[in-house]
Amino acid sequence: MSPEHLNHNQQPLFDSPSLIHRRLLARTFVLFFSLAVAGIFGLTFLFLSLPSTLHPPVTEQQGIIIIHDDVVPDAPRLRDESEYVLDPSSWPFDSPPVVREFRWTIVDADLNPDAVFRPMMLINNQFPGPLVECNEGDTLVIHVDNQATTATAIHFHGLFQNGSNFMDGTVGVTQCPVAPNSTFTYRFDVRRQSGTYWYHAHHAVQAADGLVGPLIVHAKDELAVQGLQYETDRILMVQDHYHNSSSDLLKEYLKPGNENDEPVPDNALINGRGLRKCHDFPGWRCDDTNTSRTVFRLAAGSRHRLRVINVGAFAEFQMQIDEHPFHITEVDGTDVQPEPFHRLNILPAQRYSIVLETNVTTADAFWLRARMVAHCFTTKNRRLQAELWAVVRYVRPDEMGVDDDDNNNKDQPHSKEWPEPIEVICRDLNTSALRPVKPVQPPPADDFLVLRANFMIGAWRLSRGFFNDSSWRPNVTHPSLHRFLDSNHHDDDNTAVKAETASSSAMTINHAVFDPKSELVMQTTGIRTVDISINNFDDGAHPFHLHGHKLFVLAQSPTGYPPPRDQWPASYYYPKPSSSSSSSSSSSPLLRDTVTVQPYGWVVVRVVLDNPGLWALHCHNAWHAAAGMAMQLLARADVVRRWDVDPSRRDMCRLPGVATVSVAESLESLGLPPLKL
């Protein structure tokens, strides 16, 4: 009798023995099947209910894993620039989320990006680092095997790390560094953001030693939201370059009596390449036989997107392409309505997408000039070459690409530079005309935080960077996030800590866990919107970056003082919405993650602190951050306090060599108090 028959209304009064037997077997099978299913669901629920620090969230498409292999050469070398050319015609913008897996081995090596050899830290024995390219919603898994002699960590600049604060890669804040001869895996989802980002070492000034690379996040509607359609898409990284290691330079910078005289670069690089002649460097190990100028081969009569990233440590760049205006279409991951410019000012950590049209008919080759704003350097470097030129060459569509070998075979450009005076002030590009494609109106502010940024000379005549009265000293082996969680979980009698964490939702200084003199931690409970006013009392510019969030840029000024707290209405933002269309893009301030305060100037930004975690706010001038110009925002402390620290992360803090940090070595070699270890 079929199951359908058993469901009929008319059934025999008594079942036959054979039917009873079959029913018993069927019920037994159903019972065991139900128990098995219940067990599977129970184990799944238990697995998923474990703390996210043990099992970071993954995408729904867990079965799809894409392994991104990177060739590891036997000898250190410059990375092939063709790897930084994207292909919008074939990229799967609409594909479902996948897991993208990368394997990076960090090594020490001697390399000559501009002809002069210097000690560097490389990913997979190449410089710069490999391209990380993904879609919004993908999961990134990056296995880091540290075979270098110093500990390190990797930060993914501009990514929110929502739900994965432990993966932010900030030594002294979210993690201990990855010790030599040890491994660590970064695993996180890329959610609710797209655009141009980058990654870099976030330990001392190691990024200046070579640990940098591009990170591109594609949106499904990327081609639609870009106001100008383009045929090609490529990355253009600019950076200052030093011929000495960052640890040697940092030791000199932090020594007593040095009044914030930052190390001046020796050269500029484009996509990791410079061009110097060895006769300018007598006594240096040097080989210029294989150095050449970067050439961008672009099809004539087309539009081309260049994603410009300043991956340098210190210098602002002013960039232009002779005889070619361009349109800016993206700022720090925010798509903006196309706006024409012909020069681009870009400070460390900032990103801009520009769309260039190759429609000039007077020539087929033009200089791309990347010029450091050397007027901002406090000292002179007689070896400095502040300007680096690349070539933009018109070609047929089948000849496109990046080529650094045609310099001897092609005529050099004779293009004309734009006539305006060269920039002499370190400042942000004037972005007042840039309007987001997808406008977001900032909510009213709940709090107003006033910060004073400056350098002061204290004990041992040591010049240090400050936020208000605090100069940051990282605790390398017991990060801030660990200590905050330890104060909540491991000390039931610490009522002061718990009371402060659960107190009023207003922003407060966390005195209970952190010493504000060396670790200024501003704390919120619940979701708070905060206006941050930063007044720069220093004679240098400061590109400030907040981890885990984007900033509404409300107002900037090169002079004077920002409005005081009692004169700054919570509903204020700039530009103010028009009465006719308060939702138009013209009524929304720019959202970005790195904003510059000019010398003796000020800025007011608004941030919605809705992303739980401990997030660094610091100057992205690498020397200033190493000198202490950093603080932390503890967002949604009521949520964070329920987290746990994975035992494996605690084990990282005890490994041999974890405290091999150039900052500590520099201070100790000077006989000064070491960092907290």
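Just so you know, the numbering used here puts 531 at position 490 of the sequence shown, and the rest follows in order with no gaps.
Glycine included, C-beta positions come from ideal geometry on N, C-alpha and C.
Since this is a predicted model, take the numbers as computed values, not measurements.
Secondary structure of residue i, DSSP reduced to three states
| i | result |
| --- | --- |
| A663 | helix |
| R606 | helix |
| G698 | coil |
| Q234 | coil |
| D488 | strand |
| H320 | helix |
| N516 | coil |
| Y283 | coil |
| H455 | coil |
| C327 | strand |
| Q441 | In the sequence under discussion, the amino acid at residue 441 is Met, which differs from the Gln named in the question. Three-state result, M441: coil. |
| M693 | helix |
| F207 | helix |
| E124 | helix |
| S521 | helix |
| C417 | helix |
| A500 | helix |
| N529 | helix |
| E461 | coil |
| Q267 | coil |
| S625 | Caution is warranted here: a pLDDT of 36 is assigned to S625, below 50, making its placement in the model unreliable, and the coordinate value is therefore given only provisionally. If DSSP states are grouped into helix, strand and coil, S625 belongs with coil. |
| S288 | helix |
| Q482 | coil |
| A340 | strand |
Nearest-angstrom Cβ-Cβ length linking residue i and residue j, presumed shorter than 8 Å
| i | j | result |
| --- | --- | --- |
| V646 | L592 | 4 Å |
| N351 | V246 | Incorrect: roughly 15 Å between the Cβ atoms, too far for contact. |
| R141 | G178 | Contact doesn't hold; Cβ gap of about 11 Å is too wide. |
| L561 | N495 | About 14 Å separates the two Cβ atoms, so there is no contact after all. |
| R434 | D405 | 6 Å |
| W145 | I105 | 21 Å between Cβ atoms; not a contact. |
| A390 | L409 | The Cβ separation is near 21 Å, so there is no contact. |
| A663 | A415 | At roughly 18 Å, the Cβ-Cβ gap does not stay under 8 Å, so A663 and A415 are not in contact. |
| Q564 | A678 | 5 Å |
| V372 | L475 | 6 Å |
| S511 | K558 | 6 Å |
DSSP bridge partner residues for residue i (one or two, in chain order)
| i | result |
| --- | --- |
| H198 | W239 |
| F593 | L632 and R647 |
| R569 | L650 |
| D151 | P160 |
| W430 | R410 |
| P477 | V377 |
| T146 | D186 |
| M670 | Paired residues: none, contrary to the question. |
| I362 | L409 |
| I276 | R348 |
| G298 | Bridge partners of G298: none, in fact. |
| P255 | W239 |
| P584 | T637 |
| V656 | Rather than Val, the amino acid found at residue 656 in this sequence is Trp. W656 pairs with L674. |
| C217 | Its beta-bridge partners do not exist; DSSP assigns none. |
| Q564 | T549 and L675 |
| T224 | D186 |
| E174 | I257 |
| F508 | A494 and S511 |
| T180 | V140 and D230 |
| N308 | H282 |
| N422 | DSSP lists no partner for N422. |
| H109 | F143 |
Beta-carbon proximity list for residue i, same chain, < 6 Å, skipping 5 on both sides
| i | result |
| --- | --- |
| R424 | D307 |
| Q426 | N308 |
| T273 | H345 |
| R326 | F158 |
| Y240 | I195, F197, G254 and L256 |
| A341 | T399 and Y435 |
| I108 | E142 |
Cut-off 7 Å between Cβ atoms - residues of its own chain near residue i, not counting five sequence neighbours on either side
| i | result |
| --- | --- |
| G698 | A192, A220 and P221 |
| V148 | L163, N166, Q188 and A189 |
| T420 | D302 and V305 |
| S287 | A245, V246, Q247, A249, D250 and S703 |
Residues near residue i in its chain [Cβ-Cβ closer than 8 Å; skip 5 each side]
| i | result |
| --- | --- |
| L720 | Residue 720 is absent from the structure shown; the chain starts at 42 and stops at 718. |
| R275 | Y125, V126, L127, F337, H345, R346, L347, R348 and V443 |
Subject >> Inter-stretch contact (C-beta, 8 Å, three-pair minimum) for the region 204-218 and the region 504-523 >> reply: yes
Original post:
Counting pairs of beta carbons, one from the region 575-591 and one from the region 647-660, are three or more of them closer than 8 Å?
Top reply: yes
Original post:
Does the count of Cβ pairs from the region 657-672 and the region 597-614 closer than 8 Å reach three?
Top reply: no
Original post:
Taking one C-beta from the region 317-325 and one from the region 685-694 each time, how about it: are there three or more such pairs within less than 8 Å?
Top reply: no
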